[in-house]
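**Q** Once you've had a glance at the structure underneath, I'll fire off some questions.
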Amino acid sequence: MMSDKQYTLQTNNHIHYYTSDLLANSKIVHGFSTRQGNHGNDFSLGNETELRDQNRHDYCNAVGVDFHNLACLKQIHRDQIIVLEKTPESPPIADASITKQPGIVLAIQTADCVPILIADPENKIIAAVHAGWRGTVANILAKTLKKMFELGADPQKCLVAVGPCIGPCCYQVDNLVIDQLKAAGIPWQAYVGAEDHGHWNLNLAAINIRQARMTGIPQQRISRLDLCTACNNGHFFSYRREGKTGRMLNMIALSGD
Ligand SMILES: [Zn+2]
1 MMSDKQYTLQ TNNHIHYYTS DLLANSKIVH GFSTRQGNHG NDFSLGNETE LRDQNRHDYC
61 NAVGVDFHNL ACLKQIHRDQ IIVLEKTPES PPIADASITK QPGIVLAIQT ADCVPILIAD
121 PENKIIAAVH AGWRGTVANI LAKTLKKMFE LGADPQKCLV AVGPCIGPCC YQVDNLVIDQ
181 LKAAGIPWQA YVGAEDHGHW NLNLAAINIR QARMTGIPQQ RISRLDLCTA CNNGHFFSYR
241 REGKTGRMLN MIALSGD
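FYI, the numbering used here numbers position 96 of the sequence shown as 96, with every residue one higher than the one before it.
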């Protein structure tokens, strides 16, 4: 069985998903899905089928949130952040969402990109962030945290949980990506392995953790599920490994009490 000391693999009604101990200990309802569940557990928006809705419904039930309040996004690898006051009728274009409203289920779909769930349990504000390399270059995680601070979150009280994503073992990038990291002022050399014929293995999760740290989040309030989606392809969907594939659903909600 795969495990990570900061995360727990939950199994409920045949659905397997991870919870972050940091968030769970603060009673924040959330889940990082795997591909293991009923009917293949694919949640992708491109898969507009009854099966997808059934998967979402079953997963929401397993985690303990209301399927009807699921707020997915139309993710486009930019830095648009949406603050939700109510559950949108259709997915808005954004790569991060924030809410203070109990019940709304913020959701991010991934298959290698970095999913990040954030909560300030004391000030009752949460966020979900999708960061691929483009979002990382755009500093979307730090921008989301800063927006949360504007809305009343405290950097000392926020918890940041980084979910399953492609690891440096499998994530090879070329000059195109390196040039963008450079242009964004990211000290990229600290996050790559040795160059191999114009290719580098990049640690995207670690750059995101740095971006969170730079907004003032203490290291002990950040956790990372250190399982590579491409290495563990029986467990997770991986776009890099499979090409056309499904999507995992990473979600977080504030409870009403
Ligand atoms: Zn790997």
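Glycine included, C-beta positions come from ideal geometry on N, C-alpha and C.
Hey, is the stretch 179-187 in contact with the stretch 117-128, meaning 3+ C-beta pairs nearer than 8 angstroms?
**A** They do not touch, by the three-pair rule.
**Q** Work out the CA separation of L117 and D226 for me, nearest whole Å.
**A** Walking along the sequence shown from the start, residue 226 turns up at place 226. Walking along the sequence shown from the start, residue 117 turns up at place 117. Cα to Cα, the separation comes out at about 15 angstroms.
**Q** I think C231 touches C170, with their Cβ atoms under 8 angstroms apart; what is that distance to the nearest whole Å?
**A** Locating residue 231 in the sequence shown gives position 231, where the first residue counts as 1. Locating residue 170 in the sequence shown gives position 170, where the first residue counts as 1. With a Cβ gap of about 6 angstroms, C231 and C170 count as contacting.
**Q** Measure the beta-carbon distance from L254 to I126 and round it to whole angstroms, keeping in mind my assumption that it falls under 8 angstroms.
**A** Along the sequence shown, read from residue 1 onward, the residue named residue 254 stands at position 254. Along the sequence shown, read from residue 1 onward, the residue named residue 126 stands at position 126. 6 angstroms between Cβ atoms; contact.
**Q** Just reading off the alpha helix (DSSP H) that F32 is part of, what are its end residues?
**A** Translated into positions along the sequence shown, residue 32 becomes position 32. Run containing F32: none in the alpha helix (DSSP H); it sits in the beta strand (DSSP E), V29 to S33.
**Q** Ends of the beta strand (DSSP E) at D196?
**A** Along the sequence shown, one-based indexing puts residue 196 at 196. Looking at the DSSP string, D196 is not in any beta strand (DSSP E), and its letter there is neither H nor E.
**Q** Note down the Cα distance separating L145 from S97, rounded to an integer number of angstroms.
**A** In the sequence shown, residue 145 corresponds to position 145, counting from 1. In the sequence shown, residue 97 corresponds to position 97, counting from 1. Between L145 and S97, the C-alpha separation is close to 11 angstroms.
**Q** Determine the contact status of L159 and I222, defining contact as a CB-CB distance below 9 angstroms.
**A** As a first step, residue 159 must be located in the sequence shown, where it is residue number 159. As a first step, residue 222 must be located in the sequence shown, where it is residue number 222. Cβ distance < 9 angstroms, so L159 and I222 count as in contact.
**Q** For a quick check, are the C-beta atoms of W133 and Q172 less than 9 angstroms apart?
**A** The sequence position of residue 133 within the sequence shown is 133, counting from 1. The sequence position of residue 172 within the sequence shown is 172, counting from 1. No; because the gap between Cβ atoms is not below 9 angstroms, this pair is not in contact.
**Q** Under 8 angstroms, with one C-beta from each stretch per pair, do the stretch 64-74 and the stretch 98-112 reach the 3-pair mark?
**A** Yes, the stretch 64-74 touches the stretch 98-112.
**Q** Would Y239 and D112 be called neighbours here (beta carbons separated by less than 9 angstroms)?
**A** Within the sequence shown, residue 239 is the residue found at index 239, counting from 1. Within the sequence shown, residue 112 is the residue found at index 112, counting from 1. Cβ atoms of Y239 and D112: closer than 9 angstroms.
**Q** A184: beta carbon under 8 angstroms from a heavy atom of ligand 1?
**A** For the purposes of this step, residue 184 is taken as residue 184 along the sequence shown, with counting starting at 1. Checking every heavy atom of ligand 1 against the Cβ of A184, none is found closer than 8 angstroms.
**Q** Near R213, what residues of its chain come up, given a Cβ to Cβ distance below 8 angstroms and the 5 sequence neighbours on each side ignored?
**A** In the sequence shown, residue 213 corresponds to position 213, counting from 1. So the qualifying residues of the chain are Q219 and I222.
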